[in-house]
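Enquirer: Residue numbers (this note's numbering), protein chains in the order written: chain A, 318 to 713; chain B, 318 to 713; chain C, 318 to 713; chain D, 318 to 713. Even for Gly, the Cβ is constructed at its ideal location relative to N, Cα and C. Sharing a structure below in structure tokens format, with a few things to ask.
Number of protein chains: 4
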Amino acid sequence: MHIDDRFQRVTEQLGDFVIEIPSWGFANTGTRFGKYLQAGAAGTLEEKFADAAQVHALTGATPTLALHVLWDLPAGVADAHRVEHLVGQFGVRAGSINPNLFQDQEYKFGSICNPDGAIRRKAIDHLLDSVEIAKALGSRDVSLWVSDGSNYPGAQSIRNRIEWLEGSLRLTHDALGEGQRLLIEYKPFEPAFYHTDIADWGMAAQFARFAGPQAFVLVDTGHHYQSQNIEQIVAWLLHLRLLGGFHFNDRRYADDDLTIGSIDPYQVFRIFHEILSEKNRAAIRDVAYMIDQSHNIKTKLEAMVQTVVSAQELFAKASLVDREQLASFQADAKTVEAEECLREAFWTDVRPLLRDWRERRGLPQDPLKALRESGYLEKIERERKARNASLSTSYA
Amino acid sequence: MHIDDRFQRVTEQLGDFVIEIPSWGFANTGTRFGKYLQAGAAGTLEEKFADAAQVHALTGATPTLALHVLWDLPAGVADAHRVEHLVGQFGVRAGSINPNLFQDQEYKFGSICNPDGAIRRKAIDHLLDSVEIAKALGSRDVSLWVSDGSNYPGAQSIRNRIEWLEGSLRLTHDALGEGQRLLIEYKPFEPAFYHTDIADWGMAAQFARFAGPQAFVLVDTGHHYQSQNIEQIVAWLLHLRLLGGFHFNDRRYADDDLTIGSIDPYQVFRIFHEILSEKNRAAIRDVAYMIDQSHNIKTKLEAMVQTVVSAQELFAKASLVDREQLASFQADAKTVEAEECLREAFWTDVRPLLRDWRERRGLPQDPLKALRESGYLEKIERERKARNASLSTSYA
Amino acid sequence: MHIDDRFQRVTEQLGDFVIEIPSWGFANTGTRFGKYLQAGAAGTLEEKFADAAQVHALTGATPTLALHVLWDLPAGVADAHRVEHLVGQFGVRAGSINPNLFQDQEYKFGSICNPDGAIRRKAIDHLLDSVEIAKALGSRDVSLWVSDGSNYPGAQSIRNRIEWLEGSLRLTHDALGEGQRLLIEYKPFEPAFYHTDIADWGMAAQFARFAGPQAFVLVDTGHHYQSQNIEQIVAWLLHLRLLGGFHFNDRRYADDDLTIGSIDPYQVFRIFHEILSEKNRAAIRDVAYMIDQSHNIKTKLEAMVQTVVSAQELFAKASLVDREQLASFQADAKTVEAEECLREAFWTDVRPLLRDWRERRGLPQDPLKALRESGYLEKIERERKARNASLSTSYA
Amino acid sequence: MHIDDRFQRVTEQLGDFVIEIPSWGFANTGTRFGKYLQAGAAGTLEEKFADAAQVHALTGATPTLALHVLWDLPAGVADAHRVEHLVGQFGVRAGSINPNLFQDQEYKFGSICNPDGAIRRKAIDHLLDSVEIAKALGSRDVSLWVSDGSNYPGAQSIRNRIEWLEGSLRLTHDALGEGQRLLIEYKPFEPAFYHTDIADWGMAAQFARFAGPQAFVLVDTGHHYQSQNIEQIVAWLLHLRLLGGFHFNDRRYADDDLTIGSIDPYQVFRIFHEILSEKNRAAIRDVAYMIDQSHNIKTKLEAMVQTVVSAQELFAKASLVDREQLASFQADAKTVEAEECLREAFWTDVRPLLRDWRERRGLPQDPLKALRESGYLEKIERERKARNASLSTSYA
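Structure follows, in structure tokens:
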């Protein structure tokens, strides 16, 4: 395939590459050792919408904002009209709806896996409320991370909890409206340190199958064992028609929630390559590309814009791969040729192409520079400073 | 449950705890850097049967010998009568049949996943031959490790290879006789270093489901990512009715093939505990407990006897757990109490009980000591020394 | 060595096995996702001393309490008299003094490694204050964890920061009084996720050497890479005469701060074995055995008593090893014999011996049971409940 | 710094970037499961020199060939004249001299760490012979990998072995001639699976210090724990003036010996960046850049040429970094700016620059293409085919 044709394809595919950003990405977060509070961090839902709108204005790529039920809609469905008002005001739509199954003190020994049936019921009700919120807001996806697990061998019955999970997920699934989806996330550890009830993609896939046809798997790129091959998992989920979407971030050790591609950019490229290799285009139309990052060090807005730009660059590189040529080398087991075919795209500098693409769409060529020159950062720091300085956070 | 009743239960369950040992466990093996040749290593199938018979005579727990098609039956089904003769001679039965999909030079880019259809066909034929061998020998299990994978990103199509695997496994499954099983093993890496086609339990489970009702998953305890919770995987496979059996060994880093429980005995105990917690006893009747260890340093026979004794001790400890009490603590989320209930069994010294159990069965109380005093080690070293010294092995 | 002599040795060595517990182990802590607040958690220094005294009364093994400068002596040296009063009141002495280099907002980009010289100076002053506190309280050890690091490649100059650290540590060292020690801890990651300035034992040892003869290395058992051999590091630090002490806890994945020996008891046993193998008894007289655990799930007091009992059991097992016999097997490269010699001690049930040892010292045979029956847990929950319930904690 | 000046700097620094390739990189190697024999693999020292000369002719960057004593000079010093003849014939010089401490059957329980003094002495003699060979060939470096270790807890005395190692290394060091160096390699595991006597950089650095001023540390990029920060180790070794050189290769899991930068190119770039950030240019003049890769799948010659080209590209990218600008951002703790400054160089496509650089030196612009068109591959396959086909290799 000629390089000009490939550049043309990149331009087209970039237009469809829509990224969802999370409301909690604008709030003050940290590690268990504390939070480094940012003067400009968002503290209200309105501020989160305002920040998201700023990112979308600069990148043109983030039309939706993921919402966290407990933090953004504490009153549940009753808060939906407030969200709708902000959607109208800021021009950013409500994205996936994220229930919270870890913050309540009653969830100490689990939420929908808790051995106490009353607590399980309470957690299920929260899931059903989340589905209702999603319906009210026209959100397609309920994005579910079950943090349940245990810290010590013997502490809990792993077997019983599988069954409790199956029941809860099916109930939630059955409450979904037409066109809605339940995305099931997996994570090997943290906050639980001996066993986590949905620990890997294999468990998530089994649960999705059990829950029903509208349930899919959500891949958080930071939720894997050291050295696990994430693009292979993506290939499997595509094969099984179970790939619901991504929570993108990067990591070196655990679930470090760093900027996408900041530690291992080649891996993100390979994930995009695996998706773009799917022959059935319809199969990947609904894949949700979401960011899940918590920046303790980088300024929130800068980090978010940098994230979107990085994601676009790595996606563009993957889009450049000459897949016909690659398939031919693979068929002939020409290892070096196939590898170099893939790398040829990775090493191509796509930044000029992206600047051009942005310019033609009336966007700033360099969104990060534009953010810094916009005065927006100074404005929000001025406005939010006093409130943010008063927060307290301590390890012990 | 009273401690005497628990001791009684241990005695009963130990009687059913049958361990299969591998023919290749008696042969000279090593690392890629070379083999430290043992004077007494077995070089012929007859020697392997003789050694296995010795282990069984000392422990009373290893009535079957796993066979490797390429090394033990190089002529395929035609060699079956030779095996039957040895079975008759040594009183040890043929156990699981292990095909070999990695030794042939044509498998450089894969066997049943090779992009070349002719090579895939050849590999499938080897699998079908293995099924026939199993039928001829009355072996229940064909135990399949597919070492296929690739070393570099882009080198192979992960997606295509999933489909080739599905086809091959179904063909193999459909050739099985009544009562036979196909056990599908997974392994994250080695000998392939970028992607392995059956890399984790999730993939193995999907393949088993696809292949058919006589396909199950084989758990090699050394084939996991660092920090992965193996007993949770066992719980899942029990839940899915897909647990076919185990290849036991221990490891600290990679697939180190060390003696069971030599690095992390608590983990082996927890695996047995998970199995013994299964309420449907029929569901675990067919779980195959097999050893897969390659000893480069320890004397082969000593290592095998030590392995059997260690496995019995850890199994006995797991059998001691007061499961009624434990379930009650788990239901009440009494973390410390539940943990201590489990550990109470782990810390109990079961060695006197095992000595007693052996004595009542006419077995030596200390099988390792009995082996050393038997003269068998000296005998085989004398007989096999010259042959073994002539082997050569080099890294480059 | 005869088993009776070995039991005698255990009894003697147990008497010298003194464990320091941390004041923060009684306070409410959690993960970045929140804290499960405990009604009986200590909120004041007086409560921490009271709880520590309770643990010591039950076990007779924890005469000192590690103090955290920022949380326990917020006014610095000026708070020393308050501590002395509590020491007098509760009969538990002040243990190691722990500076805090992570909680202040100015430490966002590092404390004694911060590129801003003024912030480095402030951090050094805190270290010097900590030394003064230690002097005022008669504490031998200043126990230093430097959490500094960076989250992204390029963000900081690794080289510059090595030099800044060297300078700061030497200044701190030179302020020590006679007989005082500076213990330097290492940790691979968290809260920094790209590089941590003191990431492994090799760096800590180099810093200790540079700082001066009163600087030593502190081994936190949870601060290692997956599969790293901790007992080998202990052997090295003994060899280099740099082993200062331990922060004990267990983990499966990251720095999980679980109960000692709860995940891998065999490893703790091997660490004790390595220490007890030291031929120069004077060399290990000053090794500090400290607990560093943060219990989010287990009740604080129960966890601490369970920890002390577990540590004693594993220490007693290591003390039981027949080291003369073992050395002989090692010299002859008798692998199986040497391994079994070590395991013989590990599998011996030392609980009866410990119950006997406690009884003879006028301690409860089962300290955990005694704690539960003491009424102390109910008392502190009653007294502290209202205060603890009012705390708030949230991820975002 | 202006981009043109940076491009100028790249061109200069590339000229000094000399890469040593290993003789064993042209021979048939594999995994413990077998070797996929290559028709064109080198089987004699003459063939290895011929292949190395071909790589040098195509890249102009590999003037020396690392030699392995046991495989390349089996008669020891007596073989030196044979090597000198080949050097004269092929125009490639003898590079580092690599002793072998693992192949001899007597090294089963260790070489210079063996509890048997006679075996230790034999191993030391081999090291002293290697030093003599290096002198005879004018080789600067003796490059030492000690594979010693143990497979089971208790099997060996870790402490005793530290002392034996110290003695052996000092003896070897003291035999070095003026200007010669002893490079000490570390590796966490394989072929030993419980403990390896030189397991990490900290141990290697201590041994180098003990051995003497001509001893340095050798960093094999594949010999680290999962997630360890290699560039930080490089920074430390530069700081300590102990960085002797590299064995480059890439890996995902263990010591996989894949092509440099094939799995994580960003990490290789960061390592080069750390070296090029050294302000004292003299300090890095002697850093040895060596390749240590064993290709089982890729054609040996292709892999070697691809390796050299990849190394040059990643080195050129690192050379492009605007270090003045970066230092300024680091001093101001501008995280995003500093990171983007580093990435700007990484994402620059340096391939045109390298093609230009090669052309001006009379080298083929695309060495891999030139190799394929040269007819050399077909020639050696024709000549060596029959010999190579007769080799046998088997796991058990």
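What are the start and end residues of the alpha helix (DSSP H) that includes ASN705 of chain A?
Expert: 693-706
Enquirer: Which same chain residues, not among the five before or five after ALA370 of chain B, have their C-beta less than 7 Å away from its C-beta?
Expert: Result list for ALA370 of chain B: PHE407, GLY408 and VAL409, in chain order.
Enquirer: Please find out if some non-hydrogen atom of the ligand NAP comes closer than 7 Å to the beta-carbon of GLN629 of chain B.
Expert: Absence of the ligand NAP is noted for the structure shown, with no ligands found whatsoever.
Enquirer: Entirely within the region 538-591 of chain B and at least 3 residues each: give me those beta strand (DSSP E) ranges in chain order.
Expert: 560-565
Enquirer: Quick one, are the C-beta atoms of THR379 of chain B and HIS373 of chain B less than 8 Å apart?
Expert: yes
Enquirer: So what's ASN415 of chain C in DSSP terms, helix, strand or just coil?
Expert: Strand at ASN415 of chain C.
Enquirer: Under 8 Å, with one C-beta from each stretch per pair, do the region 615-632 of chain A and the region 617-629 of chain D reach the 3-pair mark?
Expert: Contact between the region 615-632 of chain A and the region 617-629 of chain D is absent, because fewer than three Cβ pairs lie under 8 Å.
Enquirer: Determine whether the beta carbon atoms of THR555 of chain D and LEU500 of chain D lie at a separation below 8 Å.
Expert: Looking at the sequence provided, one finds Leu at residue 555 of chain D rather than Thr. Their beta carbons are not under 8 Å apart, which means LEU555 of chain D does not touch LEU500 of chain D by this criterion.
Enquirer: Along chain D, which residues have their Cβ under 8 Å away from the Cβ of TYR570 of chain B?
Expert: PRO505, PHE506, GLU507, PHE510 and ALA571
Enquirer: In whole angstroms, what is the alpha-carbon distance linking GLN473 of chain A and PHE350 of chain C?
Expert: The alpha-carbon atoms of GLN473 of chain A and PHE350 of chain C are separated by roughly 21 Å.
Enquirer: Locate the alpha helix (DSSP H) running through GLU641 of chain C, then write down its first and last residues.
Expert: Boundaries of the alpha helix (DSSP H) harbouring GLU641 of chain C: 640-648, taken from the DSSP string.
Enquirer: What residues in the region 409-433 of chain B have a beta carbon less than 9 Å from any beta carbon of chain A?
Expert: LYS425, PHE426, GLY427, ASN431, PRO432 and ASP433
Enquirer: Quick one: any contact between the region 473-487 of chain D and the region 525-534 of chain D, if contact means 3 or more CB pairs under 8 Å?
Expert: yes
Enquirer: List the residues of chain D whose Cβ lies closer than 8 Å to the Cβ of LYS656 of chain C, in chain order.
Expert: Before going further, note that residue 656 of chain C is Glu rather than Lys in the sequence given. TYR469, PRO470, GLY471 and ALA472, listed in chain order.
Enquirer: Round the Cβ separation of LEU418 of chain B and ALA440 of chain B to the nearest angstrom and send it over; I've been treating them as touching at under 8 Å.
Expert: 6 Å
Enquirer: What residues from the region 343-357 of chain C come within 8 Å of chain A, judged by C-beta to C-beta, listed N to C?
Expert: ALA344, ASN345, THR346, GLY347, THR348, ARG349, PHE350, GLY351, TYR353 and LEU354
Enquirer: Residues in the same chain with beta-carbon distance under 6 Å from ALA635 of chain B, minus the five sequence neighbours each way, listed in chain order, please.
Expert: PHE586, PHE589, HIS590 and LEU593
Enquirer: Starting from SER485 of chain A, follow the alpha helix (DSSP H) in both directions and report where the run begins and ends.
Expert: 475-492
Enquirer: Name the residue from B:SER464, B:GLU695, B:TYR570 and B:ILE608 whose alpha carbon lies nearest to the alpha carbon of GLU502 of chain B.
Expert: B:SER464
Enquirer: Kindly indicate if chain C contains any beta-carbon less than 8 Å away from that of ASP666 of chain B.
Expert: yes
Enquirer: Let's see if you can read the secondary structure: which residues bound the alpha helix (DSSP H) around THR652 of chain A?
Expert: 652-664
Enquirer: If you draw a straight line from the alpha carbon of TRP481 of chain D to that of ARG437 of chain C, how long is it in whole angstroms?
Expert: Between TRP481 of chain D and ARG437 of chain C, the C-alpha separation is close to 42 Å.
Enquirer: Check the DSSP bridge columns for THR381 of chain D and list the partner residues they point to.
Expert: D:GLU337 and D:ARG410
Enquirer: Figure out for me which residue from A:LEU659, A:PRO470, A:ALA703 and A:SER456 has the closest Cα to the Cα of GLY496 of chain A.
Expert: A:SER456
Enquirer: Tell me the DSSP bridge mates of MET607 of chain B?
Expert: B:GLU337 and B:HIS564
Enquirer: Using only alpha-carbon positions, find the residue among C:LEU680, C:LEU659, C:GLY393 and C:VAL638 that is nearest to LEU325 of chain C.
Expert: What sits at residue 325 of chain C in the sequence shown is Gln, not Leu. Selected option, being the one with the closest Cα: C:VAL638.
Enquirer: I'd like to confirm the pairing. Which residues does DSSP put opposite THR348 of chain D in its beta bridges?
Expert: D:GLY351
Enquirer: Taking DSSP as the reference, what is the three-state secondary structure of THR513 of chain A?
Expert: strand
Enquirer: Provide the residue span of the alpha helix (DSSP H) that contains SER464 of chain D, from first to last.
Expert: No alpha helix (DSSP H) holds SER464 of chain D; DSSP gives it neither H nor E.
Enquirer: Please name the residue, chosen from A:VAL448, A:TYR469 and A:ASN431, that lies closest to ASN566 of chain C on a Cα-to-Cα basis.
Expert: A:TYR469
Enquirer: Given a limit of 9 Å on CB to CB distance, which residues of the region 621-655 of chain A reach chain B?
Expert: VAL638, LEU643, ALA644, PHE646, GLN647, ALA648, ASP649, ALA650, LYS651, THR652, VAL653 and ALA655
Enquirer: What are the boundary residues of the alpha helix (DSSP H) that ILE429 of chain C is part of?
Expert: Note, ILE429 of chain C: premise wrong, no alpha helix (DSSP H); not H, not E.
Enquirer: Rounded to whole angstroms, what is the Cα-Cα separation between ALA571 of chain D and ILE320 of chain C?
Expert: 42 Å
Enquirer: Which class does LEU444 of chain B belong to by DSSP, given the choice of helix, strand or coil?
Expert: Reduced to three states, the DSSP call for LEU444 of chain B is helix.
Enquirer: Under a CB-based cut-off of 8 Å, is ILE614 of chain A close to chain C?
Expert: Closer than 8 Å to some Cβ of chain C, the Cβ of ILE614 of chain A qualifies, so yes.
Enquirer: Between LEU670 of chain C and the rest of its own chain, which residues show a CB-CB distance below 8 Å, the 5 nearest in sequence each way excluded?
Expert: PHE324, VAL327, THR328 and ALA633
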